[in-house]
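Encoded as structure tokens, the structure appears first; notes follow it.
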Amino acid sequence: MIEITTEIKKQFSEILERKKVYPVYQPIISLKNGEITGYEALSRISLEHTDFNVEEMFQISEQLCKVWELEELCRKKSIENAGKKPKGVKLYINVNPNVLKDAQFREGMTAAYLKKYGLKTKEVVFEITERSSIDDNELFFQTVQHYKKQDFKIAIDDFGDGYAGLNRICALRPKFIKLDIHAIRNIDKDKLKQSLVESCVIFCKNSGIKLIAEGIETADELKELIRLGVDYGQGYYIKRPARDMEDISEELKQNIQRWNYKSIIQSEKPSFWNGIGTIAKKTKPVQINESALSLYESFQENEDMSEICAVDANNKVRGLITRSQIYRTFGGRYGFTLHSRSSVEKIIDEDTLTVDYETPIELVSRMALARPNSTLYNAIIVTKKQRYEGIVTVKALLETAVSIQVSKAMDASPLTGLPGNSVIQEKIAEIIGSTNEYAVVYFDLDNFKAYNDAYGFQNGDRMIRMLADSITETAKQNEFIGHIGGDDIVMISEHRDVEETCIEIIAKFSTRIKELYNTTDWNRGYILSTNRNGFPERFPIASVSIAAVTDKSASHESLENFSERIAKLKKKAKKQAGNSFICN
């Protein structure tokens with residue numbers, strides 16, 4: 067705790083009197099598509115030459131019993147400068163819980179100030195920041211419920227640290243939970259932290275709570291949080307706080323989408339079917355400024371209409387309205403009277419699943435089924451270049467997902483379970499026709515036929531599975547792995563440098579196959595079998611020939627040219643004795 071000197075007290079008083087604080091805003095983004103969902107308002111000191119920083123300033127306010135005065139000043143500044151906030155994006159305001167019981171706070175200062183600057187209560191999230199313990203829990207909970215009834219949202223900060231425990235989560239039923247920064251730091255290297263966050267993800271999904279990771283400072287931390295399924299994120303790696311509400315870079319958005327798709331489907335074999343946009347139904351959306359009553363009448367007149375997307379003047383998605391939702395809105399004793407003059411904007415559900423046109427269908431089905439029960443059967447909105455494209459019903463989504471799984475099962479190798487030829491060809495055509503970095507790696511067993519003849523087909527199958535397992539266990543960058551047939555396996559990487567991975571695969575396979583040979587054959591380094599002409603011959607222990615073709619030597623080539631190039635390289639690799647790796 068900072069010591070309050072006469073000079074510090076003077077400086078603090080000057081900050082309050084001269085209003086020497088200003089707000090900065092840090093974006094909170096979706097870890098599904100990189101879109102901004104909110105901005106956290108943070109305060110900075112504009113008085114020159116202070117003997118304390120921002121965090122110490124709030125400590126001083128508690129010691130001088132000036133908590134409300136400082137919070138009021140910071141909140142007003144934050145709201146004033148948030149008047150130009152993008153529509154549909156939330157404003158997160160930090161709140162000391164003990165200030166919630168202050169009479170001035172409860173009299174509606176915040177709501178009035180929001181109205182002055184054209185902001186709605188449902189756009190504001192009170193972020194409960196516990197700088198000290200709460201003095202009166204009962205009053206605190208009553209006050210929070212008071213604000214939730216006014217459409218303010220509640221977020222619990224620093225979950226997993228200090229006072230933000232499960233009891234408080236259960237009592238407050240917040241809309242958002244923020245993970246403590248210490249749980250995020252170096253999470254990509256810490257299995258225990260990964261387990262903790264994974265548990266939080268499951269808890270929040272089952273509870274209808276959105277999970278926010280704050281303090282993200284590296285790409286690896288962000289990738290790991292995406293892999294674990296965290297909803298939202300913020301931190302210096304994404305964007306530092308700034309005076310204006312700035313967007314994140316387009317490059318980072320694209321990376322987030324790519325990492326997200328790859329991370330969620332990495333435990334499954336990719337289908338390589340077209341994206342969700344191919345099954346989207348192009349229905350006409352409703353504008354947010356249209357009459358809610360007219361929309362209600364449209365639902366009454368059209369029995370086949372189950373939902374409709376709401377968009378703004380720029381065709382950007384704002385939310386979804388379902389038949390059951392609009393009937394609830396206009397039902398009841400006062401529903402019609404209260405909402406007959408409202409616009410669509412006032413009744414939309416902004417918390418809806420929105421995905422990009424190119425998102426894999428299987429990924430969307432997993433995202434859809436992970437939603438809370440209350441929205442589980444709502445349609446999915448599809449966008450293209452961040453503009454409304456169409457709607458996919460849950461029925462259409464599940465029917466297509468089942469068809470994909472059946473197709474994959476029919477094509478997959480029964481021996482290894484890996485995708486078969488049709489999927490492999492489609493993936494190769496896709497990657498060699500792109501401008502991205504890639505490597506296509508072929509694995510072929512040497513002396514396999516001789517082993518198969520000497521030891522039998524059952525052991526031959528074991529050797530093929532052993533090679534497949536060595537590849538899948540070693541590949542760590544979401545590589546695609548497919549089984550062409552026989553002892554030929556292919557690995558497709560979005561990274562050009564695959565030599566280290568291939569050497570590790572060779573080492574792992576060469577160690578494991580010892581159990582497939584009898585002691586005599588293994589110790590002498592060969593087996594006795596018949597060659598293709600029927601004569602006895604010595605055949606060395608099985609090895610692996612690897613041929614890798616990358617975009618470095620050619621890109622945008624035809625599938626025919628690529629096949630010729632890889633065939634020549636495979637032949638060259640097979641001529642080398644023992645394990646070999648050749649890259650072109």
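The number in the numbering used here is simply the position in the sequence shown, starting from 1, with 66 added. We put the CB at the ideal spot given by N, CA and C, even for glycine.
(request) Check the C-beta distance from I94 over to Y158 and give it rounded, since I have them as a contact under 8 Å. (result) As a position in the sequence shown, residue 94 is number 28, starting the count at 1. As a position in the sequence shown, residue 158 is number 92, starting the count at 1. I94 to Y158, Cβ: 7 Å. Contact.
(request) Ignore the nearest five residues each way along the sequence and tell me which others in G281's own chain have a CB closer than 6 Å to its CB. (result) As a position in the sequence shown, residue 281 is number 215, starting the count at 1. Taken in chain order, the residues that qualify are I247, I250 and G301.
(request) Compare the beta carbon distance of L481 and I530 with 8 Å and say whether it is the shorter of the two. (result) Translated into the one-based positions of the sequence shown, residue 481 becomes position 415. Translated into the one-based positions of the sequence shown, residue 530 becomes position 464. A contact, by the Cβ cut-off of 8 Å.
(message) When you compare the CB positions of D223 and I194, do they come within less than 8 Å of one another, or not?
(response) Along the sequence shown, read from residue 1 onward, the residue named residue 223 stands at position 157. Along the sequence shown, read from residue 1 onward, the residue named residue 194 stands at position 128. Yes, the pair counts as a contact, with Cβ atoms nearer than the cut-off.
(message) What residue range does the alpha helix (DSSP H) around S431 cover?
(response) The residue you call residue 431 lines up with position 365 of the sequence shown. Looking at the DSSP string, the run of the alpha helix (DSSP H) that includes S431 is I427 to L435.
(request) Tell me whether Q332 is buried or exposed, calling it buried when 16 or more other Cβ atoms sit within 10 Å of its Cβ. (result) Residue mapping note: residue 332 aligns to position 266 of the sequence shown, counting from 1. With a pLDDT of 48 at Q332, under the threshold of 50, the modelled position of this residue cannot be trusted; read the value that follows with caution. Exposed is the call here.
(message) Please classify K244 as buried or exposed, where buried requires at least 16 neighbouring CB atoms within 10 angstroms.
(response) Taking the sequence shown and counting its residues from 1, one reaches residue 244 at position 178. With 16 or more other Cβ atoms within 10 Å, it is buried.
(request) Run the CB neighbour count on Q323, radius 10 Å, all protein chains shown included, and call it buried at 16 or more, exposed below. (result) Translated into the one-based positions of the sequence shown, residue 323 becomes position 257. Buried, by the Cβ-count rule.
(request) Examine the ligand NAP and report whether any of its heavy atoms sits within less than 7 Å of the Cβ of D563. (result) Among the ligands in the structure shown, none appear at all, so the ligand NAP cannot be discussed.
(message) Can you tell me which residues form a DSSP beta bridge with A376?
(response) Counting from 1 along the sequence shown, the entry for residue 376 is found at position 310. Note: A376 sits in a beta bridge opposite V352 and G385.
(request) Determine the direct distance from the alpha carbon of I447 to that of I632, and round the result to whole angstroms. (result) Taking the first residue of the sequence shown as 1, we reach residue 632 at position 566. Taking the first residue of the sequence shown as 1, we reach residue 447 at position 381. Going by the C-alpha atoms only, they are around 42 Å apart.
(message) In whole angstroms, give me the CA-to-CA distance for K98 and Y443.
(response) Within the sequence shown, numbered from 1, the residue matching residue 98 stands at position 32. Within the sequence shown, numbered from 1, the residue matching residue 443 stands at position 377. Approximately 20 Å, taken between the alpha carbons.
(message) Rounded to whole angstroms, what is the Cα-Cα separation between A260 and G184?
(response) Position 194 of the sequence shown, counted from the first residue, corresponds to residue 260. Position 118 of the sequence shown, counted from the first residue, corresponds to residue 184. At residue 260 the sequence reads Gln, which differs from the Ala that was named. Between Q260 and G184, the C-alpha separation is close to 41 Å.
(request) Please state whether DSSP places V468 in a helix, a strand or coil. (result) For the purposes of this step, residue 468 is taken as the residue at position 402 of the sequence shown. Reduced to three states, the DSSP call for V468 is helix.
(message) For a test of the three-state rule: what should DSSP assign to S408, helix, strand or coil?
(response) Against the sequence shown, residue 408 aligns to sequence position 342. DSSP places S408 in coil when its eight states are reduced to three.
(message) What would DSSP say about H549, mapped onto helix, strand or coil?
(response) The residue labelled residue 549 in the question sits at position 483 within the sequence shown. In the structure shown, H549 sits in a strand (DSSP, three-state: E or B).
(message) For a quick check, are the C-beta atoms of S409 and E455 less than 8 Å apart?
(response) By 1-based counting over the sequence shown, the position of residue 409 is 343. By 1-based counting over the sequence shown, the position of residue 455 is 389. Contact: no.
(message) Buried or exposed, going by whether 16 or more other CB atoms sit within 10 Å of the CB of A230?
(response) Sequence index remark: in the sequence shown, residue 230 carries index 164 (1-based). Here the model assigns A230 a pLDDT of 48, short of 50, so the residue's position is not dependable, and the following value carries that caveat. Burial call: buried.
(message) Please return the same chain residues whose Cβ sits closer than 8 Å to the Cβ of R658, not counting the five positions on each side in sequence.
(response) Outside the modelled stretch of the chain, which goes from 67 to 650, sits residue 658, for which no answer is possible.
(request) Check whether the Cβ atoms of A11 and T425 sit closer than 8 Å, and answer yes or no. (result) Nothing about residue 11 can be reported from this structure: the residues present for the chain run from 67 to 650 only.
(message) What does DSSP give as the partner residue(s) for C649 in the beta ladder?
(response) Numbered from 1 along the sequence shown, position 583 holds the residue referred to as residue 649. The partner list for C649 (beta bridge, DSSP) reads A614.
(message) Between which two residues does the beta strand (DSSP E) holding F605 run?
(response) For the purposes of this step, residue 605 is identified with residue 539 of the sequence shown, where counting begins at 1. Element bounds for F605: P602 to P606.
(request) With 8 Å as the threshold, decide whether the Cβ of Y303 is near any Cβ in chain D. (result) Checking the listed chains, one finds no chain D in this structure; it contains a single protein chain.
(message) Quick check: what's the CA-CA separation for G299 versus L635?
(response) To locate residue 299, count along the sequence shown from 1; it is residue 233. To locate residue 635, count along the sequence shown from 1; it is residue 569. When rounded, the distance between both Cα atoms is 45 Å.
(request) Using the Cα positions of K85 and L139, report the straight-line distance between them to the nearest angstrom. (result) Within the sequence shown, residue 85 is the residue found at index 19, counting from 1. Within the sequence shown, residue 139 is the residue found at index 73, counting from 1. Going by the C-alpha atoms only, they are around 7 Å apart.
(message) Given this structure, state the Cα-to-Cα distance separating A436 from K151, to the nearest angstrom.
(response) Position 370 of the sequence shown, counting from 1, holds the residue named residue 436. Position 85 of the sequence shown, counting from 1, holds the residue named residue 151. Those two C-alpha atoms are separated by around 30 Å.
(message) Please report the straight-line C-alpha distance between K143 and Y88, rounded to a whole angstrom.
(response) Counted from its first residue, the sequence shown places residue 143 at position 77. Counted from its first residue, the sequence shown places residue 88 at position 22. Looking at the two C-alpha atoms, the distance is approximately 6 Å.
(message) Could you tell me the alpha carbon to alpha carbon distance between G149 and Y105, rounded to whole angstroms?
(response) The count along the sequence shown starts at 1 and reaches residue 149 at position 83. The count along the sequence shown starts at 1 and reaches residue 105 at position 39. Roughly 12 Å separates the two Cα atoms.
(message) Taking 8 Å as the cut-off, does the segment 563-575 touch the segment 513-525 (at least 3 CB pairs, one atom from each stretch)?
(response) no
(request) Less than 8 Å between the CB atoms is what I'm expecting for E545 and Y504, so what's the real figure, rounded? (result) On the sequence shown, position 479 is the one that residue 545 refers to. On the sequence shown, position 438 is the one that residue 504 refers to. The Cβ separation is near 10 Å, so there is no contact.
(request) State the Cα-Cα distance for the pair T441 and F523, rounded to the nearest angstrom. (result) The residue labelled residue 441 in the question sits at position 375 within the sequence shown. The residue labelled residue 523 in the question sits at position 457 within the sequence shown. Taking the straight line joining both Cα atoms gives about 52 Å.
(request) Give me the Cβ distance between L484 and H549, rounded to the nearest whole Å; I'm assuming they're in contact under 8 Å. (result) For the purposes of this step, residue 484 is identified with residue 418 of the sequence shown, where counting begins at 1. For the purposes of this step, residue 549 is identified with residue 483 of the sequence shown, where counting begins at 1. About 4 Å; that satisfies the 8 Å criterion.
(request) Let me know the secondary structure DSSP gives V507 once reduced to three states. (result) Counting from 1 along the sequence shown, the entry for residue 507 is found at position 441. Reduced to three states, the DSSP call for V507 is strand.
(request) Give the secondary structure of G398 by DSSP, where H, G and I count as helix, E and B as strand, and everything else as coil. (result) On the sequence shown, residue 398 is found 332 positions in, with the first residue counted as 1. Residue state, collapsed to three classes: coil.
(request) Please determine, among I387, R578, I413 and I648, the residue with the shortest C-alpha to C-alpha distance to S611. (result) Counting from one through the sequence shown, the residue named residue 611 turns up at place 545. Out of I387, R578, I413 and I648, I648 has the C-alpha closest to the C-alpha of S611.
(request) Would you kindly work out how many angstroms separate the C-alpha atoms of M59 and L464, rounded to a whole number? (result) Outside the shown range of the chain (67 to 650) lies residue 59, about which nothing can therefore be said.
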